[in-house]
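S.K.:
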Amino acid sequence: MAIVSFPSSILKVTNLAKSFGGVKAINDVSFIVREGTVTGLIGPNGAGKSSVVNAISGFTRVDRGVVELAGHDITNQAPHRIAARGLIRSFQIARELQKLTVLENMMVAPFQQLGESPWRALISRRAVMREEREHLAAAVDWLQMFNLFPLRDEYAGNLSGGQKKLLELARALMAKPKVVLLDEPMAGVNPTLAKTLQGYISRLRDQGVTFLLIEHNLSVVEAICDHVVVLAEGAVLAEGQMNELRETEEVISAYLGG
Ligand SMILES: Nc1ncnc2c1ncn2[C@@H]1O[C@H](COP(=O)(O)OP(=O)(O)OP(=O)(O)O)[C@@H](O)[C@H]1O
Ligand SMILES: [Mg+2]
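Using this note's numbering, the letters of the sequence shown correspond one by one to residues 117 to 374.
1. Are there any heavy atoms of ligand 2 lying less than 7 Å away from the beta-carbon of residue 179, as far as the coordinates show?
2. Which stretch, first to last residue, makes up the alpha helix (DSSP H) that contains residue 263?
3. Looking at the secondary structure, which residues open and close the beta strand (DSSP E) in which residue 319 lies?
4. Give the secondary structure of residue 380 by DSSP, where H, G and I count as helix, E and B as strand, and everything else as coil.
5. Please classify residue 306 as buried or exposed, where buried requires at least 16 other C-beta atoms within 10 Å of its C-beta.
6. List in chain order: all unbroken beta strand (DSSP E) runs of 3+ residues lying wholly within the region 191-227.
7. Evaluate contact between the region 152-167 and the region 179-197, counting only Cβ atoms and requiring at least three cross-stretch pairs below 8 Å.
8. Just checking, does the region 241-258 make contact with the region 319-337 on the three C-beta pairs under 8 Å criterion?
9. Can you pull the DSSP bridge partners for residue 330?
10. Terminal residues of the continuous alpha helix (DSSP H) containing residue 181?
11. Taking 8 Å as the threshold, find out whether the region 135-144 comes into contact with the region 338-353 through three or more Cβ pairs.
12. Whether or not the region 353-370 and the region 183-191 are in contact is what I'm after, with contact meaning three or more pairs of Cβ atoms, one per stretch, closer than 8 Å; do they touch?
13. From residue 149 to residue 282, what does the alpha carbon distance come to, in whole angstroms?
14. CA-CA distance, residue 134 and residue 344?
15. If you reduce the DSSP assignment to three classes, tell me which class residue 257 lands in.
16. Please state the DSSP three-state secondary structure of residue 275.
17. Work out the CA separation of residue 356 and residue 243 for me, nearest whole Å.
18. Got a list of residues with beta-carbon closer than 7 Å to any non-hydrogen atom of ligand 2, in chain order?
19. Would you mind sorting residue 246 into buried or exposed? The rule is 16 or more other CB atoms within 10 Å of its CB.
20. CA-CA distance, residue 374 and residue 129?
21. Please report the distance separating the alpha-carbon of residue 259 from that of residue 139.
22. Quick check: the region 273-289 against the region 218-227, are there 3 or more CB pairs under 8 Å?
23. In whole angstroms, what separates the C-alpha of residue 362 from that of residue 300?
24. Assign residue 123 to buried or exposed, taking buried as 16 or more other Cβ atoms, counted over all protein chains shown, within 10 Å of its Cβ.
25. At what residues does the beta strand (DSSP E) containing residue 355 begin and finish?
26. Which one of 327, 348, 265, 360 has the shortest CA to CA distance from residue 206?
27. Using a threshold of 8 Å, state whether the C-beta atoms of residue 295 and residue 203 are closer than that.
In structure tokens form, the structure reads like this:
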């Protein structure tokens, strides 16, 4: 019998639950994200997708359940600690970062810098400088990949909406993330850029980056997701490949509000 190699799970969510007042935003959700895949999280408005991503990344405290990243329990840890463990959320560029250049944005990306550790005084200046050189090299590589290198000295605030999206993704990658969480990265983006982003996500996945992606456009989901988890009313309704899910009765009725 042939041995089929199956990527192992890098992110595991077990029996997650969260209520806001009387609303069960997350109601006993379990799923895994396999390493090196793009896993889609879909479902109608109010299904609980953002709540799940917020819970996984530490921005919402859960009432119940466990979140494991690469075998470590990260449930309800502070967002910066979760990020330091390699689970990175791509965010809109915050206001203060708009006043930094594109390259500066990359260099202050949320990674663990030797130079910022409490042991700073004990670490040789040389080690800090070597680390900075490595970060600079990585920043230049990512900016080139995303065609942002010519804009390296431009203020982030002056970039177009699309260029900002690319910078957000590039910044997330500076942390060498184990998993990147994207909550509707294509929302409000023109079709050309949406295609470009799609291409980048697929390419990065082929390079070994793992994504959990919330996306409303099911054609995009079908094009780039290896596996899809469907949420409805805070619970997992179905999972599988998008082309199969499209034919699934429950999924169809959830989307049509039936
Ligand atoms: N901070 C909050 N306070 C109160 N209720 C909330 C909060 N966050 C989410 N909810 C509620 O939890 C439910 C799930 O919301 P959530 O934003 O997770 O859904 P979603 O699937 O991301 O929806 P959308 O597709 O519209 O982004 C909704 O009923 C929402 O009103
Ligand atoms: Mg949402």
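Yeah, the Cβ is synthetic: ideal placement off N, Cα and C, and Gly gets one too.
Being a predicted model, the structure only gives us computed values, none of them experimental.
M.R.: From the atom records:
1. The residue labelled residue 179 in the question sits at position 63 within the sequence shown. The answer is no for residue 179.
2. Taking the first residue of the sequence shown as position 1, residue 263 is located at position 147. It is not in any alpha helix (DSSP H) - residue 263 carries neither H nor E in the DSSP assignment.
3. Counting from one through the sequence shown, the residue named residue 319 turns up at place 203. Taken as a continuous stretch (DSSP letters only), residue 319 belongs to no beta strand (DSSP E), being part of the alpha helix (DSSP H) at 307-322.
4. Not covered by the structure: residue 380. The range shown for the chain is 117 to 374.
5. Translated into the one-based positions of the sequence shown, residue 306 becomes position 190. Counting Cβ neighbours within 10 Å, residue 306 comes out exposed, since fewer than 16 surround it.
6. 203-205
7. no
8. no
9. As a first step, residue 330 must be located in the sequence shown, where it is residue number 214. In DSSP, residue 330 forms a bridge with 157, 299.
10. One-based indexing of the sequence shown puts residue 181 at position 65. Counting along the chain, residue 181 falls outside any alpha helix (DSSP H), though it belongs to the beta strand (DSSP E) covering 180-185.
11. yes
12. no
13. Counting from one through the sequence shown, the residue named residue 149 turns up at place 33. Counting from one through the sequence shown, the residue named residue 282 turns up at place 166. Whole-angstrom Cα-Cα distance: 23 Å.
14. Along the sequence shown, one-based indexing puts residue 134 at 18. Along the sequence shown, one-based indexing puts residue 344 at 228. C-alpha separation (whole angstroms): 22 Å.
15. Against the sequence shown, residue 257 aligns to sequence position 141. Note: residue 257 maps to helix in three-state DSSP.
16. Here residue 275 is taken as the residue at index 159 of the sequence shown, counted from 1. Coil, per DSSP.
17. Along the sequence shown, read from residue 1 onward, the residue named residue 243 stands at position 127. Along the sequence shown, read from residue 1 onward, the residue named residue 356 stands at position 240. Cα to Cα, residue 243 sits roughly 46 Å from residue 356.
18. 165, 166, 299, 300, 330
19. Counting from one through the sequence shown, the residue named residue 246 turns up at place 130. The residue is exposed, with fewer than 16 neighbouring Cβ atoms inside 10 Å.
20. Stepping through the sequence shown from its first residue, residue 374 is reached at position 258. Stepping through the sequence shown from its first residue, residue 129 is reached at position 13. Only weak support exists for where residue 374 lies, its pLDDT of 48 falling under 50; the value from the coordinates is given anyway. One C-alpha to the other measures close to 28 Å.
21. Indexing the sequence shown from 1 puts residue 259 at position 143. Indexing the sequence shown from 1 puts residue 139 at position 23. Taking the straight line from one Cα to the other gives about 42 Å.
22. yes
23. Residue numbering aside, residue 362 sits at position 246 when the sequence shown is read from its first letter. Residue numbering aside, residue 300 sits at position 184 when the sequence shown is read from its first letter. Roughly 20 Å separates the two Cα atoms.
24. Working through the sequence shown from its first residue, we reach residue 123 at position 7. Result: exposed.
25. In the sequence shown, residue 355 corresponds to position 239, counting from 1. Per DSSP, residue 355 belongs to the beta strand (DSSP E) from 351-356.
26. Locating residue 206 in the sequence shown gives position 90, counting from the first residue. The option with the nearest alpha carbon to residue 206 is 327.
27. In the sequence shown, the residue the question calls residue 295 occupies position 179. In the sequence shown, the residue the question calls residue 203 occupies position 87. Yes.
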